[in-house]
Every structure is written in C-alpha cells, then in structure tokens.
Amino acid sequence: MNQALLSGIASKAYDKLLKATESKQPIAVTGLPDTMAAYIASKLCADTGRKVLLISGNDLKAAHDAEDGQQLLESGVACLPGGEIDLTRGASSHESAWRRLEALARAQEGDIRLLCTSMDAALQRMGSADRFREETIRLAPGDRIDLNDLIRRLTAMGYERVSMVEGKGQCALRGGIIDVYPPACSQSLRIEFFDDEVDSIREFDCISQRSLDSVEKCTLTPATEVLLPPVDAEKAARRMRDAIERQGGDLTPASSTLFSDLPPLPEDDADAPDFFDKNITPKIREKQQTAARKAELERRRTQLMADADMLAEGLPFKRIRAWLTVLTDDTYTVLDWFEPDIVVLSDPNLLRKRAEERRAGFAEDLEGAMSRDEAVKEQETLLMDWDTLLRHVQGYATVAVTEFLEGMAGVAVKDAADLGVQRVAGYSSQIRPLAEDCDGWLREGYRVAVLCGGVARGQRLAAALEEHDVAASFAEKIDKLPEECVQVLPGTLTHGFIWEEARLIVVSDTDVYGTGYRKAKKRQAAGEKIAAFTDLKPGDFVVHEEHGVGIYLGTAQMKNGGTRRDYLQIQYQGSDKLYVPIEALSRVQRYIGNPANPPKLNKLGGGDWQKQKAKVKEGLKKMAFDLVKLYARRSQETGFAFSADTPWQREFEDMFPYELTPDQEQSVKEITADMESPRNMDRLLCGDVGYGKTEVSLRAAFKALMDSKQVAILAPTTILAQQHYNTVLKRFKGFPVKVDVLSRFRTAKETKDVLRRVKEGEIDILVGTHRILGKDVQFKNLGLLIVDEEQRFGVQHKEIIKNMKHQVDVLTLSATPIPRTLHMSMVGIRDMSVLETPPEERLPVQTRVIDYNDGVIRDAILREVSRGGQVYFLYNSVQTIGAFYERLKQLVPEARIGVAHGQMREHGLEDVMMDFYGGSYDVLLCTTIIESGLDVPTANTLIVFDADRFGLSQLYQLRGRVGRSNRQAYAYFTIRPERSLSETAEKRLEAIREFTEFGAGFRIAMRDLEIRGAGNILGPEQHGHLATVGYDMYCKLMEETLQEARAEQEGLPPAKPHLETRVDIKVDAYLPDDYVHDDRQRMEMYKRIASLTTQADREDITDELLDRFGEVPPVVETLLDVAQVRVLANQLGVSLVTYKRGGFLVMKLNAEYMPDQAAFIPAMAMTDKRLMPSTTAPDVLLLVDPTLGEYAMLSEAVKVLGKLNENVEMMLKKQKKGEKHENT
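Position one of the sequence shown corresponds to residue 134 (this note's numbering), numbered consecutively onward.
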C-alpha cells in the first residue's frame, strides 16, 4: 500500500489535534475506536515528520498497530514487545528478547519514525541507551581491529561464543574469520580478516553455513539490553551478592531443640512403636525435609552467586535484565531510548487497568520467586506503576485516544478534539451489500478505498464491483484517492472506518471477508534444515553398509606407510573396532530409529548383519511389488472427472486470510489436477500440525461441491470430528453449503435424521468418526472422501477405506511430516503432496527448562487460569497419575482438574477430552495422548513433568499443542532437581535446552518426527524393519527394491549393484584440526567431500571451505583430488586406483561396469597419449608419466579422467545417433 490514505484530508478536528501536538499541549482525541489509534499515529508521523510513540494494551495489539503503521507509512515502523521478565532460573527461549533488541537497535540508529509498544514494555525499567550506543561496533572493509579483542568485546556485549553460529546472539572465531549474528540483523555476518584488517564482510546462511552477498559495512549491536561500564561491574556484582545474602537465612533448626518438646516415654514397651510413629517419626521427617530444602536453597544461592561472578568479570549473565534494579540505581524507560516527539496513549482506561494487572501479576511472581530464593526484594521496582509512567510522559506532546472523554484514567489533558470516526460494518464476503454501500458513498461525495489483501484478490474484487455497476479501479500504488470511483488497493488494516468530516471511507479486507489478509512470513523450510544436517557425536549409533550397527567413537589420525589420513573409529560387539578411511564415509550413516529402543550392536565379521538386511529387503519387496501393482491397476480405472474451477471457487479461496505458502500452492495444483483427471484420486497430503493441510483439503471439498457431489470427512476420534465440523462451518460461512456431523454424541433421533438427509442429498458435507463407514450410511452422490490420520483406524475400517479408493476420489491427511528421501523414493508409485514450510508466525511459545518446583507450577497454572485460559499438565505415568492428581488438587484448589490417560475406557476418555475442549476443566492432567491432533485454542500453557524422560520429537510435538491462538503461550519442561540423571538423559536435557533456541536440537526433533511419519505411512511391520537397520539404510534398501519392482513390472533387466571404487595412493589427505577446529564441522565437511560427484561439486566445496575456514591447505586439496579421482574412475568402471613408482597410475577395470568398448577405446585414444591399456593385464588401464610423483599424478588424473569421461559420453551419443539413423 502507500500513503494515499493519509493525504488530502480536510478536518477541523484533526487540525486542532495537529496544533496541540506542535505546542506540546496534552489533548484527548474522542470519537475514535482504539483500532484507529495506529492510523492517527501514522498520520501524525506523516504530517509532522516527527517521531511518534504509540502505547497499546498488550503485545499482540502493539504488533497489529505496527502492521497497520507499516501498511500506511511503508517504512520506519517497529514494534517493541514487553517480553518476559524471567525470575525463574532455567533455559528459556529468546524470541521476544531478540524482537526487543531489534527494535531498540533500530531506534538507536534513527531508523524508526513510529514505535508501537505495549503497556508491559512501557512500564519496564531499562538499562542505559547511551551504553548500548557506545558498545555498538561499526565495521567496514579496510578497518583495523584486533581479532581477539573483537571476540572479547562481543562476549562482553552479551554474545554467546560457540563453535558454529546457528542463531541470533552467537559469535564464533575460526582462524582469521569471525561469524556473528546480531539480533538486529536479518542475516548472520561473516567478517574475514587479513592480519588485523577487515578484508571482507559477507552475509551467510545459518543453515548451509554458506556466504550470500557481500556488504559494504556492518553494525554489531549488543545482544543484551543491560550493559554496565567496566568500572561499575565489580560494584554491581557486590550489590547483587549483598542482596542475595540479605534474602537468605539459616533454615536448619538446632539439633538440640529438635526433640525438646517430646512427651514422657511410655512405661509399657508395647506402646513404644505407637509412641515412635506419633512423636519421633514426624520429627525425623521434618528434619529431613528441612535439610533437603536447605540444600536446594543453597544450590540456588550458589547458582545466583555464579551469575554475580560472571558480572564481576564484565560478562552479562542470561537473566541480567531481571536484576537491573539490584545492580544499579540508574534506570531508564522506553521514552529515554526512543526520545519521541509525540506520545499516543491508546485507550487510557484500558492502559491503566492493564498496568495494574501487570504489576499485581509481577508482584505475585516475585513473591513466589523470593520464597524459592530465586529473586530478591529489590527487584520489585523493575516495573513502574501507572502514575509514575504518566509523570515520565509529561513534557511530551501527549495524545490520549478514547471513545469517550470520561475514560482518561488520570491523563491531564488541556483540550479535546472529536474526530467523529465510526467503524465500518462487516460484509461477511457478500459483494452485493458492499457494492450498494460503495455506490451510496460515492453519490454522497466520499472518497472510498477498499483494501483487499493480495493483488489477484484485488483485481477480482474491482471486477466484481464493476459487475454490480459500481465504478471501481484497482491499482498497486497511487498518490491520491480518486473521487469518481472506488479505489481498490492491496494491503490490509485491522479495521476500516468512516470519517465523516474528512469525507473519507476506508473498507479493510477484514470488513469485507471477516478475516484480515496476512502475507506469509518467509521462513526456512524444515526439510531443508534436515537435509543439511550431519550431527554425529562420539557415543552415537552408526550403521556401516557392510558391517552393520556400531558405536561411533570419534575420528583418529593414523600414519600408514609414512602418510597421514583421518579414520572413523567404530566399536562393534565385544572389543572389536573398525577403522573406516574418511574417503569411505559415504558408507557410514548415523543410526536413526526409535530413541526409546536402542539397536543391538552387530559382531564384526559375523553374518547377522547380512541376514538382517536380507530380511528387511524381503519385507520391502512384498510392499514394493504390491504398491507398483496397485498403482498400475489404478491407472487403468476410470472415475469422475471434475470440472475446471468456477468463479465461486475463486471467491471461496479469496476468503482465506493468509497468503498460501509455496508448498500449499503446489499441493492445491496437484490435487486439482488429480480431481480433473478421469482417474480416481488417491493422494496423501503430509505436513506437521498447523502447516495448512485443512485449508488445502477444504478447497478440494469446495471443488467437489461445485459439481453437485457430496463430501465425507473422516476423523479417528469424536473430538477431532467435532473440531473438523467447527472448522468446516466457519470456513463455509456465507456459502449455501449444508454441513452436519455424525458421531456417538448424536442422539438416535438426530442420527436417523442425518442418515435420511445424507441419502436424499440434503447434506453436502458430512463430518464424522468411523460411524460414517457404517453400512446404513448411504450417500446420494459421494464424490470425495477426506481421511484424517488413516493410520489411526482399525484394520476393518482401513479395508473399507481401501475399497472406497476404487469408487471415489480420496484425499488422506497425515499430521506427521515424512522424510524427503522417502517422498522422492515413492514418486511414481504413491501420489503424495508434502507441506514443509512452517506455519505463519504466531507469537512464539515461551519455552523454559526448569527444576520442578510446586511454587513455580502453582504460579504458572494460576496465571493461565486468571486470563481465562487452560493448562495441559503432562504426567506420563498411568500407575501414579491418580496420586499426582490429589497432589495437584491440594496445590491449586482453585482450578478444576480433569484426568485423561490411554488406559481409560474409550468413551470415558473422549468425554473428558470433550469437557476440556468445552471449557469444563481448567487443567487437563494427562499422558502423551494429547500429542495427536487435539486443538484447543484457549489452552496456552503446557507443563511437562520429568521432561528429561521424553524424546525431543515428543517435546516438539507436545509444545505444538499450545500457542494455537493469538495469545502468548508458555511451555515449562520441568526436571526433578533431586534426580541423578543418566548420561543419556543428561544429553537429552542438553538438547532440550538447545531446542528452546534453534539449531541442532530442533533439527533432531524434526528428523525424529519424520521417522515416525515414515512408520505411519509404511505401517507397523515396515516401521520395525526401519528400526532394525536405521533410517538411511532403510531408505537405500527401499529405493533399490522399488527400482527392482518397477523394472520387473516393465520387463527390464534388474539394476546392477553399485560398484565401489578404492583409491589407494600413499598421500597425506585430511582436514587438519587447526584448519577446521570443530569435530562436528569437520565431519560435516568430510561428508560433503565424500558425496562429491562432479567438477562443479568440487568447485562448490572449495568455495565453501574458502568461505568458512579460509585459504585451503595443500593436504585438503589432495583430499579433494582423491575424492574426485574416485568418482571419475568409478564412472569408467574402475574398482581400484593405485600408484607405482616410476610414474604409473594403475587402474583396475571391472568389465561388467565398463562403458561400451566401441566407445571406450576411441575415446581413450583421443584423450591423452599417456593413457594406455596394460600390455600384461587386459583389465588394467595405465596413466604413465615418469616426471610425476604421487601428488602431481593425482592432480593430473583429475584432468585426464575428466576428459576421458567427456569423450566416452560423446562417443556413446554418436553411437546412438548412428543406430537411430540405421533404424530409420
């Protein structure tokens, strides 16, 4: 959009407001809905050229205000969220912190005209903006700075030093290269030095680690808001230590007084046990509990003291923002950071109420944290009260936006301007009433703008208005609104308005369609993250193609015949070890299977592994042949060919408030093509929760309805059926579509009526459980069956679905993502659409990993319940869940708690879930059953007990249960502090902590999920096979088997097994430790080199090495030569390459894999005269040059074999051409 909506406005009331801001007179603006505050703030920005701070009720409203401001002003707009003041120790996600730092950094750079913030943020006391500016580092090529000094400064600025930068707030040093990801930047930066001079600055991708574009300069802003001058660091640390000491106290009673109040001992010995139970045991228990509590508090105090020690060394600790008022008396506010000219208060009454609620909530949180020795009293001043904020606002031009003058909440204004603006009525996608209103407004002399979201939707809307005889025009950008016609523009606002005095009407897409259009945020597809991931650590299980499952021990450099190479060490059963040369790395994969059941190690040299592989392949063979036959049979069958899309279809699609992701668009195209073809559709649509499967499937449903067909939507449980029913009703609102639901919650009478209406064609869409597969359910004209989570149905129901696939179009939905490799393997035998792009960005879930504590849990539950929300409490032990329910009832008596677990009767479980869904319970104490598909928008807090006992993928999927609405959601992963964790649990916990941020943890979780997805699609038997040999080996075997099945079906000879080529030349070829420092990155690069296939690959890898690690050393060039010679020789059918003294490169040929002799011999003759067949051995090819040693010969072989391959290809093409000519 552009600023046309802000210009050309004549209004006396607005002129009065403008004058008041120029003279800094506080003024009230009445007759204005609070959704208009962003419009007025944007107009003041545009008209005065001054900076405006807009304060709204909460973070979500501030974010919407910023979106509106961005649409109107196009640039210079930011949102500053309040974020969390983290009083509880533990790992927590930093998304809101990064958003705050980005906005603050832009404010310091003078890049912001309109800053939209929330009451939460406005109340917070902050660190010094001057210090933030002073510590900011600006660099450009040619600048001089010491590398080590730069890294030291970055860590003092709050950056975490890591081996590889994967997310914001991290930095890494490798040789003469520094990688850093400033919170205010959209991409991470790579700064390369020559000695102490900046040589170049490039953006790079955190996923691939490859450089993108060069930049002329960069600004490295701090990764924390609170920065103390070095001279004040020790003083601040001392203040913190003193506050901690004052807060603590001795909890242990003197042992001499413990038994001082005991009654006299009983005279009869028979009474002794009773006396002991009543008097002694409670005292001992009390002593034990007090000692345990003291130990726990002591541990917390020690942790806080460690934070103080970090501070004394000049390093900001993670929760420094929460300790600001303890460390210094000099605090600031958002007003000091942004220095606005005008402050706009959106609905002062609401703001005051929010300020009081926030202060009260913070006081409760602080009290709880203090009782656990995690906070101190001095932190109570972190939030100002409303009156203090108003005193800070005095002196700025203040504008209080309110509907009525009575709602000023103590804001002292000198004047008022009544703009008389009204909201536009909604149209629920009805074009006729919109056209009638537009026509009337134009006649009355209004300028009318209609916002439409996207460009295509806008063009259609303008045409629709023209069809209703209303003058309308669409433009992507204009300078001034016309008076003679309705101007349709792309873009969106929260709501439209009628400004009578200004003769201006703006109708937003929210008013037209009922929901606002939101452009999809660009985010990395999860699949790409996984593809780039090779995170192998010592202790991980690995699979060697020939020897089977072992344990990876790490890499070792070994000398062999005077040359050095790196080897992978793998431990097998007993004390057997295998040393795998790094060039054979492609034969080793990380074992990925079921994390709960680790695989059995194979014996080196034993026959078990080959038997296991053969068994898996046999199982695959049956599945592959069945699939290929089924696909061939289906391609012969004819079904109903649906018509092309209608204008109604486009109108239905226009009502979707989000721009489709590329994956969704592709899936819609594939499904549309399937439905329009005469063959029955049988397509699988895969994608994680929230990735947009429902929208894609409902577009297919609408298409079916347009051809007068009925649609059935089948869900595995009653509650999911109910959810689908509600979704369908909402999505089809405004269209003449009759929808009903069939489940056990319908009475006999209702069921009978539904059955009759379905049979007579009165119901267009029937949603239901397996009940709709019953023989008594007869459709008049069923055209499409949509099946949600087919793998969760029983055998009989699956058989019915299978039979239906031959009669109607079937679309199956799966909420578990599947591996990309599996998807590719199944192309041509299973129609599959995959959604890999993450969902639109909601407020990210605030994730914390903390020690379990009753106080924290009570606070978390009450905070959620007090805002009208619900809580999932995950307790994964059916045996003791009843006892824990009693404990939870005592802890939070105010909350209504329901219990759900997998061993309950099916109907009883569904009843509890439905009651929770309907709001009858505040807390659902449950096992992992909530993983599957339940969508409760009001449930926005998840608490997981014993989080260290769960797999990453489980935690990832569980966390997806919350944050499904526009409210801030919280996930608490708790660990019992007294438990001594196993090494595996410790590792997992470390990964969970990492997973709250970014990087490997998230990617493992996604990979883990995909494996489960593969199991869902392939069935339990195949899932067992997958667990036996690991995911990568399974995929490899599956690809081989499918090729064999296809070849047999088409009468082609079976494919030959892959030829292994070994290069055995005595040269030093490895990645030195001082070149690639980090083991994980070294393994990643070895994997990349092992997969090299072409000269272009070689150049790409060389560029990457140069980019990430600096100048490529000779031993690495040799490593690349070895890899390339192996590939080139393999293409010629060479199984072994060796070097013999005197300048002989000896290549042993395998006749079965050699190119056609008729092409090979002339190609060899025209390549290089030094290339010749051996006179003594017919299966040996020689490259002879007495002037070349091992290293030079390798480099020469790359060129010669590359040329030979090209010539062979050329001769084969000539041969084919000749054959074709002869045939014609």
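In this text, a Cβ means the ideal position worked out from N, Cα and C, and glycines have one as well.
Report buried or exposed for residue 397, applying the criterion of at least 16 other Cβ atoms within 10 angstroms of its Cβ. exposed
Alpha carbon to alpha carbon, what distance is there between residue 574 and residue 618? 10 Å
Those residues which DSSP pairs with residue 1009 across a bridge: For residue 1009, which the question treats as bridged, DSSP gives no partner whatsoever.
By how many angstroms is the C-alpha of residue 208 removed from the C-alpha of residue 311? 31 Å
Report the residue from 579, 861, 842 whose alpha carbon sits nearest the alpha carbon of residue 893. 842
Residue 228: first and last residue of the uninterrupted beta strand (DSSP E) it sits in: That residue, residue 228, is in no beta strand (DSSP E); its alpha helix (DSSP H) goes 228 to 241.
Grouping DSSP H, G and I as helix and E and B as strand, with all else coil, what is residue 1054? coil
Test item: CB-CB of residue 211 and residue 178 under 9 Å: no
Nonlocal neighbours in the same chain, by C-beta distance under 7 Å from residue 374, ignoring five residues either side: 438, 441
Through-space distance from residue 715 to residue 1163, alpha-carbon basis: 21 Å
Between which two residues does the beta strand (DSSP E) harbouring residue 902 extend? Note, residue 902: premise wrong, no beta strand (DSSP E); not H, not E.
If the criterion is Cβ atoms closer than 9 Å, does the pair residue 173 and residue 476 meet it? no
Measuring alpha carbon to alpha carbon, tell me which residue in 455, 832, 331 is nearest residue 781. 832
6 Å Cβ shell around residue 592 - same chain, five flanking residues per side excluded: 607
From which residue to which residue does the alpha helix (DSSP H) around residue 571 run? 564 to 576
Along the beta strand (DSSP E) that carries residue 534, what are the first and last residues, could you check? 530 to 534
In three-state DSSP terms, what is residue 551? strand
Look at residue 1253 and residue 1330 and say whether their C-beta atoms are less than 9 Å apart. no
Have a look at the DSSP bridge pairing and note the partners of residue 315. In the DSSP output, where bridge partners are listed per residue, residue 315 has none listed.
Please confirm whether residue 430 and residue 505 have their CB atoms less than 9 Å apart. yes
Beta-carbon separation of residue 1058 and residue 1080 under 9 Å? no
Looking at the unbroken alpha helix (DSSP H) that takes in residue 290, where does it start and where does it end? Looking at the DSSP string, residue 290 is not in any alpha helix (DSSP H), and its letter there is neither H nor E.
DSSP state of residue 500 mapped onto helix, strand, coil: helix
At which residue ranges does the region 333 to 391 contain complete beta strand (DSSP E) runs of 3 or more residues, listed in the order of the chain? 344 to 347, 351 to 353
Just list the beta strand (DSSP E) runs in the region 602 to 648, keeping only unbroken ones of 3 residues or longer that don't cross its boundaries, in chain order. 605 to 607, 619 to 622, 630 to 632, 637 to 640
Any idea if residue 1358 is buried or exposed, counting beta-carbon neighbours within 10 angstroms, 16 or more meaning buried? Residue 1358 lies beyond the range of the chain shown here (134 to 1357); nothing can be said about it.
With 16 other Cβ atoms within 10 Å as the buried cut-off, status of residue 659: Because residue 659 sits at a pLDDT of 37, beneath the cut-off of 50, its placement in the model cannot be relied upon, and the point is left open.
Please name the residue, chosen from 535, 231, 400, 623, that lies closest to residue 138 on a Cα-to-Cα basis. 623
What did DSSP end up calling residue 556 once you bin it into helix, strand or coil? strand
Taking the CB atoms as reference points, tell me whether residue 830 and residue 852 lie closer together than 9 Å. no
Going by CA-CA distance only, name the one from 339, 205, 352, 1188 that's closest to residue 276. 352
Along the beta strand (DSSP E) that carries residue 524, what are the first and last residues, could you check? Per DSSP, residue 524 belongs to no beta strand (DSSP E); it is in the alpha helix (DSSP H), 519 to 526.
Start and end of the beta strand (DSSP E) containing residue 677? 674 to 677
Please give the ranges of any alpha helix (DSSP H) in the region 820 to 857, keeping only runs that are unbroken, at least 4 residues long and fully inside the region. 826 to 839
Measure how close the beta-carbons of residue 983 and residue 1107 come, nearest whole angstrom, since I'm counting them as under 8 Å. 6 Å
From residue 526 to residue 566, what distance separates their C-alpha atoms? 45 Å
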